[in-house]
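Participant: With my numbering as the guide, the letters of the sequence shown map in order to residues 215 to 477. Don't be surprised by glycine CBs; every beta carbon is placed ideally from N, CA and C.
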Amino acid sequence: MREIFALLFLFFISLSTTAQTVVDTVRYRFSYAMKGTSTETSKRQYDDELSVDVGDRITYCYSRFDEDNTALYEKIKKSGGSAADYLAQQGPISMWDEYDIKNYPSKGKLSVITFLYKYFMYEEAIPTQNWTLEQGDTTIIGYSCKKARCDFRGRSWEVWYSLEIPISEGPWKLRGLPGMILYAKDGKNQFSFECIGLKAGMNVPMSLRYAKKSIKTSVDKVRSLVKLKSQNPEAYDKAVGVTNIIYGFKAKSRQACLIELCR
Numbered sequence: 215m216r217e218i219f220a221l222l223f224l225f226f227i228s229l230s231t232t233a234q235t236v237v238d239t240v241r242y243r244f245s246y247a248m249k250g251t252s253t254e255t256s257k258r259q260y261d262d263e264l265s266v267d268v269g270d271r272i273t274y275c276y277s278r279f280d281e282d283n284t285a286l287y288e289k290i291k292k293s294g295g296s297a298a299d300y301l302a303q304q305g306p307i308s309m310w311d312e313y314d315i316k317n318y319p320s321k322g323k324l325s326v327i328t329f330l331y332k333y334f335m336y337e338e339a340i341p342t343q344n345w346t347l348e349q350g351d352t353t354i355i356g357y358s359c360k361k362a363r364c365d366f367r368g369r370s371w372e373v374w375y376s377l378e379i380p381i382s383e384g385p386w387k388l389r390g391l392p393g394m395i396l397y398a399k400d401g402k403n404q405f406s407f408e409c410i411g412l413k414a415g416m417n418v419p420m421s422l423r424y425a426k427k428s429i430k431t432s433v434d435k436v437r438s439l440v441k442l443k444s445q446n447p448e449a450y451d452k453a454v455g456v457t458n459i460i461y462g463f464k465a466k467s468r469q470a471c472l473i474e475l476c477r
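(1) Where Glu-474 and Glu-288 are concerned, what is the direct C-alpha to C-alpha distance, given to the nearest angstrom?
(2) In terms of alpha-carbon separation, which member of Val-454, Arg-477, Ala-453, Lys-443 lies closest to Ala-465?
(3) Suppose the cutoff is 7 angstroms on Cβ atoms and the five residues either side in sequence are ignored; what does the same chain contact list for Ser-382 look like?
(4) Given 8 angstroms as the limit, is there contact between the segment 415-424 and the segment 393-403, that is, 3 or more CB pairs closer than that?
(5) Given that a residue counts as buried once 16 or more other Cβ atoms are within 10 Å of its Cβ, and exposed if not, what is Asp-314?
(6) Just curious, the alpha helix (DSSP H) that Ile-290 is in, first and last residue?
(7) How would you call Lys-387, buried or exposed, if buried means at least 16 neighbouring beta carbons within 10 angstroms?
(8) By how many angstroms is the C-alpha of Gln-259 removed from the C-alpha of Val-236?
(9) Suppose you measure from the CA of Ala-453 to the CA of Ser-308; what does that come to, to the nearest Å?
(10) Provide the residue span of the beta strand (DSSP E) that contains Glu-254, from first to last.
(11) Nearest CA to the CA of Ser-370: which residue from Asp-261, Ala-297, Ser-252, Cys-476?
(12) Per DSSP, Gly-356 forms a beta bridge with which residues?
(13) Identify the continuous alpha helix (DSSP H) that holds Leu-439 and give its terminal residues.
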């Protein structure tokens, strides 16, 4: 509840200066039902829907919940509506606070934007996974799929990819197989991505909302803030410059469930 309250409180601040930057043209949009675990002790998973937009040069993975709520807010604001109008119509709130942009700002680079009350962005070389192809066949959204596994940054991943979609991409940072990854789950069953839809031939602008307004930083800084958010929420608020939220109770200290356990 604390996290949701804080997200709502700062959502309106973050949207007030939102500007979009067109970086490519979307040719394909893959939709994934995503499940994730926020803390190591939590047995409950949150749900989200991720969009993976594949363009001529860039692949952009982001929360559909976040995108739809942002578009709704901007529509209401433009028509003269209030925050109360938005709250009455908003959809599910996204708990997936990451935006992964492959081949941006240049070929071979990955930009990762994380929302931690403010937007922080770090860059790295697009990571590679050493896949092991395995026996197995299944069908996902009508496409025949093959099985593969890899160990990547502290987690073991099992995926299903389709040779019928010859795009060497997938959700989040996963990629590098001879077909699109349509399903992925980690060995601890804390994160999963399942493709539930595909739109081809979209030919619409690929726009990034937060690239220009993000604070340039390092992956180590982002990881330390993510950990602090769960371990000591009050210290986390102070670290990111938020001082005007009063909760009336002391939040529990928890261990953040990181999708990347090591680097």
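Facilitator: The answer reads as follows:
(1) 33 angstroms
(2) Lys-443
(3) Arg-389, Gly-390, Leu-391, Pro-392
(4) no
(5) buried
(6) 278-292
(7) buried
(8) 33 angstroms
(9) 23 angstroms
(10) No beta strand (DSSP E) contains Glu-254, which DSSP labels as neither H nor E.
(11) Cys-476
(12) None; Gly-356 has no bridge partner.
(13) 433-445
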